[in-house]
Amino acid sequence: MIYSLIAIGIGILMLIMAVIAILNDKLSVAVIAAGVVSLFASVLFLLMAAPDVAMTEAAIGSGLSTLIFFYVLNKIKRQNA
Amino acid sequence: MLRNFLIALVLASFGFIFLNLYNSYEPKTELTGIAAHYAENGASEVGAANLVTAVVVSYRSFDTLGEITILFLTAAIISFFLKLSNEDENKVIIHKGTSEILKTASQLLIPLIFLFGVYVFINGHLTPGGGFQGGAIIASGVVLAIMANPNMTINHTVIVWVESLSGVTVVIIGVLGIILGGGFLDSTLDGYGLGEFGTVFSAGTIPVIYSLVGLKVGAEISNILNKYQKSQKES
């Protein structure tokens, strides 16, 4: 019971973060919000007893891909300026 | 107006399709077919305590080989295009200094992160995780090192050799599986023995294959991140 309540709460937080990622005007905020979606997703995978997937999601989804987005953002900004 | 109407029409038809799917969905109460076979015989046939690893590295290891190839192709294509757009190689890039807290913390954390990554892929057949996860953890350690010291250069030759050698060795072990075991990439070679629960050197060739996969994934992702770092003009 308590687990399903936590899972529903995390799901709602993920939805809020995803909407922020879509609607926010600042790209850096959007990238961070997309990373937070991945972080909550990894917690959700852990609650659903899939630690393998949770490890991958936390390392790649919220860590490395967020960093690569920032690298690309920085490169694009420099070229436009 | 017409465009909005068409979009609404497409959305409504998608909703109709998914509603039908949802209505006809019945959750299965027990495993059927090949999944039941894996769940019942996985431990006795392969000897891996972690059933996910048994499926990924033994029953479906050909797919894992495909995944490694896809990652290799991605790394190759990224380095190809970033090389083209980065002409002034010899220009010295001046980075902003990183904070003292990040530098000090990275000295403490980087060895621990590397150690944890190696632990995850060596124990892939006993505990959750495996080659891909361990490789990603090692790559995040490399990220911390790059962020703490932006002028750091990663030895390109070492990365390329680690990556190629581990890829070739995985294929060689797979061919050995045809000769000694039951087929390509079969993990239970004759003379290598079936796995034993609770010991690291068990479960046939699974720890060897997973360690090689971990090294390969870690080297590839580190290579990609290093390319991105090098392609920044100034930061």
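Those sequence lines, one after another, are chains A and B.
Here the first sequence is numbered in our numbering, starting from 1 and rising by one per residue.
Here the second sequence is numbered in our numbering, starting from 1001 and rising by one per residue.
Where is the CB? At the ideal position from N, CA and C, for every residue including glycine.
Given the structure is predicted, the values throughout are model-derived calculations rather than measurements.
- Taking one beta carbon from each stretch, the stretch 1110-1120 of chain B and the stretch 1131-1148 of chain B have 3 or more pairs nearer than 8 Å; the two touch.
- By the neighbour-count criterion, in which a residue is buried when 16 or more other Cβ atoms sit within 10 angstroms of its Cβ, residue 1168/B is exposed.
- Using a Cβ distance threshold of 7 Å, residue 1056/B and residue 1206/B do not count as a contacting pair.
- Here residue 1171/B is actually not in contact with residue 1219/B; their C-beta atoms are around 16 Å apart, not less than 8 Å.
- Of the candidates 28/A, 32/A and 18/A, the residue whose Cα lies closest to the Cα of residue 63/A is 32/A.
- Around the beta carbon of residue 1216/B, a 10 Å sphere encloses 16 or more other beta carbons of the protein chains shown; the residue is thus reported as buried.
- Going by DSSP, residue 41/A is part of the alpha helix (DSSP H) stretching over 27-47.
- DSSP, read as helix, strand or coil, puts residue 1184/B in coil.
- Contact residues of the stretch 1123-1143 of chain B toward chain A are 1128, 1129, 1130, 1132, 1133, 1136, 1137, 1139, 1140 and 1143 (C-beta to C-beta distance below 8 Å).
- Note that the stretch 3-13 of chain A touches the stretch 33-53 of chain A; at least 3 beta-carbon pairs, one per stretch, sit closer than 8 Å.
- In this structure, DSSP gives residue 1125/B a state outside helix and strand, which the three-state scheme calls coil.
- Residue environment for residue 1142/B: buried (at least 16 other C-beta atoms within 10 angstroms of its C-beta).
- Secondary structure at residue 1096/B: coil, using DSSP grouped into helix, strand and coil.
- Boundaries cannot be given for residue 1024/B, as no alpha helix (DSSP H) includes it and DSSP labels it neither H nor E.
- Contact between residue 52/A and residue 1174/B does not hold, since the beta-carbon distance rounds to 22 Å and is not under 8 Å.
- Sixteen is the threshold: when 16 or more other Cβ atoms of the shown chains lie within 10 Å of the Cβ of residue 1140/B, as they do, the residue is buried.
- With contacts defined as CB atoms closer than 7 Å, residue 1101/B and residue 1144/B fail to qualify as a contacting pair.
- Pairwise C-beta distances place the stretch 1022-1033 of chain B out of contact with the stretch 1143-1159 of chain B, as fewer than three of them are shorter than 8 Å.
- Nearest Cα to residue 18/A within the set 71/A, 69/A, 28/A and 38/A: 38/A.
- A Cβ-Cβ contact shorter than 7 Å links residue 1224/B with residue 1078/B.
- Flagged as an interface residue toward chain A: residue 1228/B, by a C-beta distance shorter than 7 Å.
- Closer than 9 Å at the C-beta level to chain B, one finds these residues of the stretch 59-77 of chain A: 59, 60, 63, 64, 67, 68, 71, 72, 74 and 75.
- Taking a Cβ-Cβ cut-off of 8 Å, the neighbours of residue 55/A in chain B comprise 1120, 1128, 1129, 1133, 1136 and 1137, given in sequence order.
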